[in-house]
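Visitor: At position 135 of the sequence shown (counting the first as 1) the number is 134 in numbering that gives the first Met the number 0, and the numbers step up by one without a gap.
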Amino acid sequence: MQNVPVYVSALFILTTFIAVAIFYKASHKSASVLLTITTWLLLQSIISLTGFYTITKSLPPRFIFLLMPPLLAIIVLFATKNGQKFIDSLNPQFLTLLHVVRVPVELLLFSLFFYKTIPQLMTFDGRNFDVLSGLTAPAIYYLGYYKKHIGKKIILIWNMVCIALLFNIVLNAIFAAPFPFQLQAFDQPNIAILYFPFIWLPGCIVPLVLFSHFAVIRQLIMNKNNAEPVSFGFSS
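(1) With a threshold of 8 Å, are at least 3 pairs of Cβ atoms found where one atom belongs to the region 85 to 98 and the other to the region 121 to 128?
(2) DSSP three-state call for residue 235: helix, strand or coil?
(3) With three or more beta-carbon pairs closer than 8 Å as the criterion, would you say the region 39 to 55 touches the region 193 to 211?
(4) Once you ignore the five residues that flank residue 94 on each side, which residues in its own chain have a CB closer than 7 Å to its CB?
(5) Go ahead and label residue 1 buried or exposed: buried means 16 or more other beta carbons lie within 10 angstroms of its beta carbon, across all protein chains shown.
(6) So, residue 3 versus residue 111, is the Cβ gap smaller than 9 Å?
(7) Looking at the structure shown, is residue 0 part of a helix, part of a strand, or coil, going by DSSP?
(8) Can you say whether residue 6 is buried or exposed, counting buried as having 16 or more other CB atoms within 10 angstroms of its CB?
(9) For the region 156 to 171 against the region 43 to 52, are there 3 or more C-beta pairs whose distance is under 8 Å?
(10) Find the nearest neighbour of residue 221 within the set 22, 117, 84, judged by alpha-carbon distance.
(11) In this structure, does DSSP put residue 14 in helix, strand or coil?
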C-alpha cells in the first residue's frame, strides 16, 4: 500500500517471523512445521501481490481462500489421532510465549489506523482489547510454567478469555472489511488486510494464536504434554 511507510510493513514482516519462530520452537524445531508455514506464507504473498484479494464484492468473498485452509488444518489436527499426538507433543511454554507478538501487532494496527487503512474500532483505542493477551502472556508463562505459582485452572481461564478477546477483534475486522456483508466502518473500512504483508495477519498470525490457545487448553484438560517431538506430517 502506497500510503503505508516501508518501516511499518517491515516491522509487520518481522513480527510474523517472530511468531513463526516461536511456534517452530514449540514444535521442537520440526522441519515439516517450518516448511509448511513458510510455503503458506510465500503462496499467500504471491497471491496477494497480484491484487487477488482486493476484489471484494464477489460471493463468496475471495478472502475465504486465505481463511479456510488454516481453519481446516486446525480441525484436521484436532480430529485425527496423529494430529492429537502432534498437539500433545507441543511445548506449552512456547505456545504461551507466542502470544507476546499480539503486543507489536496491536501497535502496528494503531499505525495502520493512523495511515487510514483500518478503522479506529480495530485498535486499542476502539473495540480491540487483544493487547491485554500479549501483555499478560509473560506473567502466565513465568508464574504458571516457570515458578508454578498458579495452577492449571487459572491458565485454562486465561486461555479462554484470550480466545474471547481474539474472536472480538476478528469479528470486528471481518465486518469492517469492504465485503458484501460489511456492517460497520464505512467511512474507513478495513483494507490493510487485503494487501501484502498485512495479509499475513488473518492468514498466519491469527491461526497460530488461535491454534496455540486450543492446543494448550487440550493439554490442560486431557492432562497431556508428551514433550516429545512428533512429526507434523503425522508419521510418528
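Backbone N, C-alpha and C define an ideal beta-carbon position, used for all residues, glycine too.
Guide: The short version:
(1) Per the Cβ contact rule, the region 85 to 98 is not in contact with the region 121 to 128 (fewer than 3 Cβ pairs under 8 Å).
(2) Your numbering for residue 235 matches position 236 in the sequence shown. Residue placement at residue 235 is poorly supported in this model, since its pLDDT is 36, which falls under 50; the coordinates are not used for a value here.
(3) Of all C-beta pairs linking the region 39 to 55 to the region 193 to 211, three or more are shorter than 8 Å, placing the two stretches in contact.
(4) Locating residue 94 in the sequence shown gives position 95, counting from the first residue. Excluding positions up to five away in sequence, the list reads 25, 211, 214, 215.
(5) Mapped onto the sequence shown, residue 1 falls at position 2. Residue 1 comes out exposed.
(6) Taking the sequence shown and counting its residues from 1, one reaches residue 3 at position 4. Taking the sequence shown and counting its residues from 1, one reaches residue 111 at position 112. Taking the C-beta atoms as reference points, residue 111 is found nearer than 9 Å to residue 3.
(7) In the sequence shown, counting from the first residue as 1, residue 0 sits at position 1. Secondary structure at residue 0: coil, using DSSP grouped into helix, strand and coil.
(8) To locate residue 6, count along the sequence shown from 1; it is residue 7. For residue 6, the number of other beta carbons within 10 angstroms of its own is below 16, and it is reported as exposed.
(9) They do not touch, by the three-pair rule.
(10) What you label residue 221 is simply residue 222 of the sequence shown in a count that begins at 1. The option with the nearest alpha carbon to residue 221 is 84.
(11) Residue mapping note: residue 14 aligns to position 15 of the sequence shown, counting from 1. Helix at residue 14.
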